[in-house]
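**Q** Residue numbers (our numbering), protein chains in the order written: chain D, 212 to 286; chain S, 2 to 471. Positions of the beta carbon are idealized from the N, C-alpha and C atoms, including for glycine. My questions all concern the structure below.
Following this line, the structure appears as structure tokens:
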């Protein structure tokens with residue numbers, strides 16, 4: 212399971228390397244880690260998450276923005 | 002339990018403002034939580050859930066019920082749609098005053114509550130150790146405002162905070178023997194993954210919890226710090242679900258449960274087992290303390306330098322509540338575990354250095370308060386303490402007595418003469434600049450500020466006990 216976690220983490224690091232955006236969101240890494248720690252249950256989620264990233268990385272698909280997200284935020 | 006000498010009739014808790022949906026106010030001895038419309042709807046959805054009523058009945062969550070409050074008690078920051086009232090915590094304490102097993106038990110309580118929440122489709126919106134208090138040795142979750150309905154697809158937003166304020170301090174003490182109190186006191190948010198990662202060497206990465214929660218989190222946080230992605234939305238669309246949070250919570254609980262502090266014998270942790278005075282002296286001292294407490298009839302007793310609580314237990318039989326503070330974490334930890342196993346339930350053990358006590362901290366220096374602001378003592382026990390304050394900590398004797406007098410409480414104090422083996426040991430490798438450390442000076446200083454009621458010399462002739470009123 213540790214190898215699985217490391218592979219996912221490495222994938223996450225590669226896909227995000229070089230992104231040069233200014234907005235700081237220090238919790239994002241911690242949220243993403245919860246997928247990596249999810250083991251088997253996290254596998255499907257991680258797969259979908261990173262597949263979208265790969266498509267984006269290859270220029271095949273744009274990442275959806277949150278413009279249409281009307282979910283209230285009261286955290 | 003109400004404490005004597007309360008402050009103005011209504012005052013907002015200065016440490017309760019970050020969550021805009023609720024604000025704590027103390028009004029006429031009551032603890033009121035004013036709620037926004039959203040928070041009130043969450044509370045009403047939550048109030049009759051069996052997991053919550055059971056947790057309240059068991060004393061794991063502070064007893065809370067919806068109530069009415071006078072309009073003038075309402076704090077700034079409204080509009081407020083409703084009010085709940087919490088059972089009062091006798092004395093508020095902070096994680097940097099807890100011993101290892103206190104923080105560990107608070108962490109387990111938080112994780113257990115999170116698991117129970119998830120079963121009922123609720124979640125904790127944060128993961129801070131300041132949401133837990135101790136009533137005696139019983140940990141109690143106090144922030145009912147932290148419980149909110151689970152939004153499908155979301156991760157646990159409190160995870161990073163849980164790491165910084167529970168897991169990392171426990172990991173550092175378990176794996177590296179670094180006592181966490183100064184780290185938590187140094188930063189109210191706790192140490193970040195990046196900071197904690199620097200404490201652990203490469204060889205430590207394979208110790209329980211370090212590779213994932215510390216190393217990977219530090220690396221991912223550094224990488225993701227510059228992301229513009231809405232990770233929460235990405236997770237939702239990728240199918241993140243409650244089962245994942247439950248699985249992670251279960252794993253986290255198993256990790257925390259196996260963390261332990263392998264402490265060697267501390268300076269004071271075994272002190273009561275090897276005190277250097279006779280059993281007869283010991284019995285005489287216990288009888289003196291008991292008579293003084295019975296005479297003083299205090300609500301709250303501070304036992305300073307309490308060690309493993311031998312005299313705290315005597316006091317606890319004759320008062321409402323005892324705060325048993327000691328500089329030595331191992332002694333406090335042993336005391337805590339004894340209390341948890343055998344009671345009594347009205348002693349709060351805390352780690353505290355009187356020469357460097359908990360200060361006012363946080364926003365406007367008012368979020369976390371010094372102990373005298375949180376709790377006024379009616380009687381102070383300072384037994385076998387003064388030589389450590391004057392000789393070890395270099396506090397002038399008259400300063401110490403003046404500080405005790407400022408507490409405005411009755412006092413039981415023990416003077417240990419220079420002939421005592423402990424005092425000789427303390428002076429062994431120090432320049433003896435302590436000309437003020439003499440019985441005559443001590444009695445003169447005490448007489449200036451207190452009224453001596455009773456004085457007793459123990460049989461050895463090296464120890465003098467005083468019961469004084471203020």
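Who are the neighbours of residue 232 (chain S) on chain D, taking C-beta pairs under 7 Å?
**A** By Cβ distance, chain D contributes 239, 242 and 243.
**Q** For the candidate residues S:431, S:121, S:464 and S:399, whose alpha-carbon lies nearest to that of residue 442 (chain S)?
**A** S:399
**Q** Using 8 Å for Cβ pairs, my map puts residue 460 (chain S) next to residue 281 (chain S). What's the rounded Cβ distance?
**A** 6 Å
**Q** Hey, is residue 270 (chain D)'s beta-carbon within less than 9 Å of any beta-carbon in chain S?
**A** no
**Q** With a floor of 4 residues, list each alpha helix (DSSP H) that falls wholly inside the stretch 50-75 of chain S, ordered by position along the chain.
**A** 51-58
**Q** Pick from S:121, S:34, S:407 and S:458: whose alpha carbon is nearest that of residue 54 (chain S)?
**A** S:121
**Q** Between S:156, S:140, S:392 and S:109, which has its C-alpha nearest residue 59 (chain S)'s C-alpha?
**A** Comparing Cα positions, the closest option is S:140.
**Q** Terminal residues of the continuous beta strand (DSSP E) containing residue 322 (chain S)?
**A** Note, residue 322 (chain S): beta strand (DSSP E), 322-327.
**Q** Determine the direct distance from the alpha carbon of residue 377 (chain S) to that of residue 67 (chain S), and round the result to whole angstroms.
**A** Approximately 29 Å between the Cα atoms of the pair.
**Q** Does any CB atom of chain D fall closer than 9 Å to the CB of residue 217 (chain S)?
**A** yes
**Q** With DSSP run on the structure shown, which of helix, strand or coil describes residue 226 (chain D)?
**A** The predicted model places residue 226 (chain D) with a pLDDT of 44, which falls under 50 and marks its position as unreliable; any figure quoted below should be read in that light. In the structure shown, residue 226 (chain D) sits in a helix (DSSP, three-state: H, G or I).
**Q** Take the Cβ of residue 452 (chain S) as the centre, count every other Cβ of all protein chains shown within 10 Å, and call the residue buried at 16 or more, exposed below.
**A** exposed
**Q** Is it buried or exposed, residue 251 (chain D), if we count other Cβ atoms within 10 angstroms and call 16 or more buried?
**A** exposed
**Q** Could you pull out every residue in the same chain whose Cβ sits closer than 8 Å to the Cβ of residue 289 (chain S), ignoring the five residues on either side in sequence?
**A** 413, 455, 457, 466 and 468
**Q** Under the three-state reduction of DSSP, which class applies to residue 35 (chain S): helix, strand or coil?
**A** strand
**Q** Measure the C-alpha to C-alpha separation of residue 148 (chain S) and residue 111 (chain S) and round it to an integer number of angstroms.
**A** 11 Å
**Q** Are the Cβ atoms of residue 115 (chain S) and residue 83 (chain S) separated by less than 9 Å?
**A** When the beta-carbon positions are compared, residue 115 (chain S) and residue 83 (chain S) stay at least 9 Å from each other.
**Q** To the nearest angstrom, how far is it from the Cα of residue 124 (chain S) to the Cα of residue 233 (chain S)?
**A** Annotation: residue 124 (chain S) to residue 233 (chain S) spans about 16 Å, alpha carbon to alpha carbon.
**Q** Check each residue of the stretch 154-179 of chain S: if its Cβ is closer than 7 Å to any Cβ of chain D, include it; give the result in chain order.
**A** 156, 157, 158, 160 and 161
**Q** Just the C-alpha distance for residue 259 (chain D) and residue 239 (chain S), rounded to the nearest angstrom, thanks.
**A** Those two C-alpha atoms are separated by around 5 Å.
**Q** In three-state DSSP terms, what is residue 376 (chain S)?
**A** Judged by DSSP in its simplified three-state form, residue 376 (chain S) adopts coil rather than helix or strand.
**Q** In chain order, what are the residue ranges of uninterrupted beta strand (DSSP E) at least 3 long that sit wholly in the stretch 231-310 of chain S?
**A** 301-305
**Q** Mind checking which residues open and close the beta strand (DSSP E) that includes residue 452 (chain S)?
**A** 452-458
**Q** Near residue 325 (chain S), which residues of its chain fall below 6 Å by C-beta distance, leaving aside the five closest residues on each side in sequence?
**A** 304, 307, 310, 313, 348 and 350
**Q** Quick check on residue 343 (chain S): buried or exposed, where buried means 16 or more other Cβ atoms within 10 Å of its Cβ?
**A** exposed
**Q** Select from the stretch 246-260 of chain D all residues with a C-beta closer than 9 Å to any C-beta belonging to chain S, and list them in chain order.
**A** 246, 247, 248, 249, 250, 251, 252, 253, 255, 256, 257, 258, 259 and 260
**Q** Between S:52, S:216 and S:97, which lies nearest to residue 358 (chain S) when the distance is taken from Cα to Cα?
**A** It is S:97 whose Cα lies nearest to the Cα of residue 358 (chain S).
**Q** With a cut-off of 9 Å, does the C-beta of residue 17 (chain S) fall near any C-beta of chain D?
**A** Not closer than 9 Å to any Cβ of chain D, the Cβ of residue 17 (chain S) fails to qualify, so no.
**Q** So which residues of chain D does residue 240 (chain S) contact, with C-beta pairs closer than 8 Å?
**A** 255, 256 and 259
**Q** Check the Cβ of residue 185 (chain S) against every Cβ in chain D and list those closer than 8 Å, keeping chain order.
**A** Under the 8 Å cutoff, chain D gives no residues; its nearest Cβ is about 19 Å from residue 185 (chain S).
**Q** Within 10 angstroms of its Cβ, does residue 24 (chain S) collect 16 or more other Cβ (buried), or is it exposed?
**A** Here residue 24 (chain S) is buried, its C-beta having at least 16 other C-beta atoms within 10 Å.
**Q** With DSSP run on the structure shown, which of helix, strand or coil describes residue 193 (chain S)?
**A** Reduced to three states, the DSSP call for residue 193 (chain S) is coil.
**Q** Which chain D residues sit within Cβ distance under 7 Å of residue 330 (chain S)?
**A** Under the 7 Å cutoff, chain D gives no residues; its nearest Cβ is about 29 Å from residue 330 (chain S).
**Q** Does the contact criterion of 3 or more C-beta pairs under 8 Å hold for the stretch 163-172 of chain S versus the stretch 207-224 of chain S?
**A** yes
**Q** How far does the alpha helix (DSSP H) with residue 424 (chain S) in it reach, from first residue to last?
**A** 422-428
**Q** Decide if residue 251 (chain S) is buried, meaning its Cβ has at least 16 other Cβ atoms within 10 Å, or exposed.
**A** exposed
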